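Chemist: Sharing a structure, written as structure tokens. Questions coming.
Residue numbers (this note's numbering): 5 to 269.
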């Protein structure tokens, strides 16, 4: 079970050794020395797990939880029960007291990821006899409340960033969104740098690969050459239908208003 791990504010004593050992164990590691860097990497890379260290752990933990529900393991220099309880109440998935062995940390990483995966499977099993509520386009089901996507009964695994990008595109279905607008809305950056435009193109390409029947000839996420992208299927799909809270062409406006609290355009 390999994972993409974001480390935040690692202590000098483990800053070099821990990432190296995690990579040896098959994980990919991203490192942030400060919480601001961590938030940027969180938006850009959608890690599977965060390992948080540092004397400012309380502030960092609260800040991270305001922006993400990514599984998180906190490293602490002392074993004070009150602080461990506080960390868990604020959203840490586990607390590991230093000094620790890398074998112990690896076991805890696996346990946290296993719990998250098991929870996802339980939710899917509970709902397998009925279509998920949300938007239904042919055999494609998008359930925004549960942050899930299905093609038939097969779950499509989307990252938080991919789901957010999809939500933004669908909330403006039939409208062209520029790359800059997408960077501002989805990633939270106000930038026209070429690298940011490429970031959008790469994210759209990955989303198409997961959602489109033929990613090379997309029907859902359309490219508006020289401008940006548009979610267009809702405006010409005869199979789109309103079912279990989903939306078809005629009911797009009320569905958008119900889903995102948007006024009809």
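In this text, a Cβ means the ideal position worked out from N, Cα and C, and glycines have one as well. Predicted, not measured: the structure shown is a model, and the values here were computed from it.
Can you give me the Cβ contacts of residue 239 inside the same chain, cut-off strictly under 6 Å, excluding the 5 residues immediately before and after it?
Modeler: Indexing the chain shown from 1 puts residue 239 at position 235. Per-residue confidence for residue 239 stands at a pLDDT of 41, beneath the threshold of 50, marking its modelled position as unreliable; the derived number appears in the next sentence. Within the same chain, residue 239 has close Cβ partners 178.
Chemist: Just tell me which of 190, 15, 114 and 215 has its CA closest to the CA of residue 9.
Modeler: Within the chain shown, residue 9 is the residue found at index 5, counting from 1. When only C-alpha atoms are compared, the closest one is 114.
Chemist: Using the beta-carbon count (16 or more within 10 Å), is residue 147 buried or exposed?
Modeler: Here residue 147 refers to the residue found at position 143 of the chain shown. Answer is buried; the Cβ neighbour count reaches 16.
Chemist: Quick one: what does DSSP say residue 102 is sitting in, helix, strand or coil?
Modeler: Residue 102 sits at position 98 when you count from the first residue of the chain shown. Residue 102 falls in the coil class under three-state DSSP.
Chemist: Is it buried or exposed for residue 80, if we count other Cβ within 10 angstroms and need 16 for buried?
Modeler: Against the chain shown, residue 80 aligns to sequence position 76. Under this definition residue 80 is a buried residue.
Chemist: Which residue's Cα is closest to the Cα of residue 143: 156, 50 and 78?
Modeler: Translated into the one-based positions of the chain shown, residue 143 becomes position 139. Here the closest residue by C-alpha is 156.
Chemist: Taking only three categories from DSSP, how would you classify residue 7?
Modeler: Within the chain shown, residue 7 is the residue found at index 3, counting from 1. The answer is coil: DSSP assigns residue 7 none of H, G, I, E or B.
Chemist: To which residues does DSSP link residue 145 through a beta bridge?
Modeler: Locating residue 145 in the chain shown gives position 141, where the first residue counts as 1. Answer is 140 and 154, bridged to residue 145.
Chemist: For residue 27, which residues does DSSP report across the bridge?
Modeler: Here the question's residue 27 lines up with position 23 in the chain shown. In the DSSP output, where bridge partners are listed per residue, residue 27 has none listed.
Chemist: Excluding the 5 residues flanking residue 102 on each side, which residues of the same chain have their C-beta closer than 7 Å to its C-beta?
Modeler: Taking the chain shown and counting its residues from 1, one reaches residue 102 at position 98. 79, 80 and 81.
Chemist: Terminal residues of the continuous alpha helix (DSSP H) containing residue 44?
Modeler: Along the chain shown, one-based indexing puts residue 44 at 40. Note, residue 44: alpha helix (DSSP H), 39-49.
Chemist: Spatial neighbours of residue 186 within its chain, please: C-beta separation below 6 Å, excluding the five flanking residues on both sides.
Modeler: Indexing the chain shown from 1 puts residue 186 at position 182. Counting only Cβ-Cβ distances below 6 Å, and skipping sequence neighbours, we find 204.
Chemist: Mapping the DSSP letters down to three states, classify residue 231 as helix, strand or coil.
Modeler: For the purposes of this step, residue 231 is taken as residue 227 along the chain shown, with counting starting at 1. If DSSP states are grouped into helix, strand and coil, residue 231 belongs with coil.
Chemist: What's the gap between the Cα of residue 202 and the Cα of residue 165?
Modeler: As a working mapping, residue 202 is identified with position 198 in the chain shown. As a working mapping, residue 165 is identified with position 161 in the chain shown. In this model, residue 202 and residue 165 are separated by some 15 Å (Cα to Cα).
Chemist: Quick one: grab the DSSP three-state call for residue 19.
Modeler: Sequence index remark: in the chain shown, residue 19 carries index 15 (1-based). The answer is coil: DSSP assigns residue 19 none of H, G, I, E or B.
Chemist: I'd like to check one pair, residue 100 with residue 94: are the Cβ atoms closer than 8 Å?
Modeler: Position 90 of the chain shown holds residue 94. Position 96 of the chain shown holds residue 100. In terms of Cβ geometry, residue 94 and residue 100 do not form a close pair [threshold 8 Å].
Chemist: Roughly how many angstroms lie between the CA atoms of residue 207 and residue 119, to the nearest whole one?
Modeler: Taking the first residue of the chain shown as 1, we reach residue 207 at position 203. Taking the first residue of the chain shown as 1, we reach residue 119 at position 115. Cα to Cα, the separation comes out at about 27 Å.
Chemist: Would you list the one or two residues that DSSP bridges to residue 159?
Modeler: Numbered from its first residue, the chain shown carries residue 159 at position 155. Looking at the DSSP output, residue 159 shares a beta bridge with 154.
Chemist: Taking DSSP as the reference, what is the three-state secondary structure of residue 133?
Modeler: To locate residue 133, count along the chain shown from 1; it is residue 129. A caution first: residue 133 carries a pLDDT of 39, below 50, which makes its placement in the model too unreliable to give a value.
Chemist: Which partner residues of residue 55 appear in the DSSP bridge assignment?
Modeler: Looking up residue 55 in the chain shown gives position 51. For residue 55, which the question treats as bridged, DSSP gives the partners 11 and 77.
Chemist: Would you mind giving the Cβ-Cβ distance between residue 34 and residue 45, rounded to the nearest angstrom? I have them listed as a contact below 8 Å.
Modeler: To locate residue 34, count along the chain shown from 1; it is residue 30. To locate residue 45, count along the chain shown from 1; it is residue 41. Your pair residue 34 and residue 45 checks out as a contact, with CB atoms roughly 5 Å apart and the cut at 8 Å.
Chemist: Write down the C-beta distance between residue 53 and residue 75 rounded to the nearest angstrom, noting that I regard them as a contact closer than 8 Å.
Modeler: The residue you call residue 53 lines up with position 49 of the chain shown. The residue you call residue 75 lines up with position 71 of the chain shown. Sure, about 5 Å apart at Cβ, within 8 Å.
Chemist: Spatial neighbours of residue 90 within its chain, please: C-beta separation below 8 Å, excluding the five flanking residues on both sides.
Modeler: For the purposes of this step, residue 90 is identified with residue 86 of the chain shown, where counting begins at 1. Contacts found: 62.
Chemist: Per DSSP, residue 180 is paired with what?
Modeler: Counted from its first residue, the chain shown places residue 180 at position 176. The partner list for residue 180 (beta bridge, DSSP) is empty, contrary to what the question assumes.
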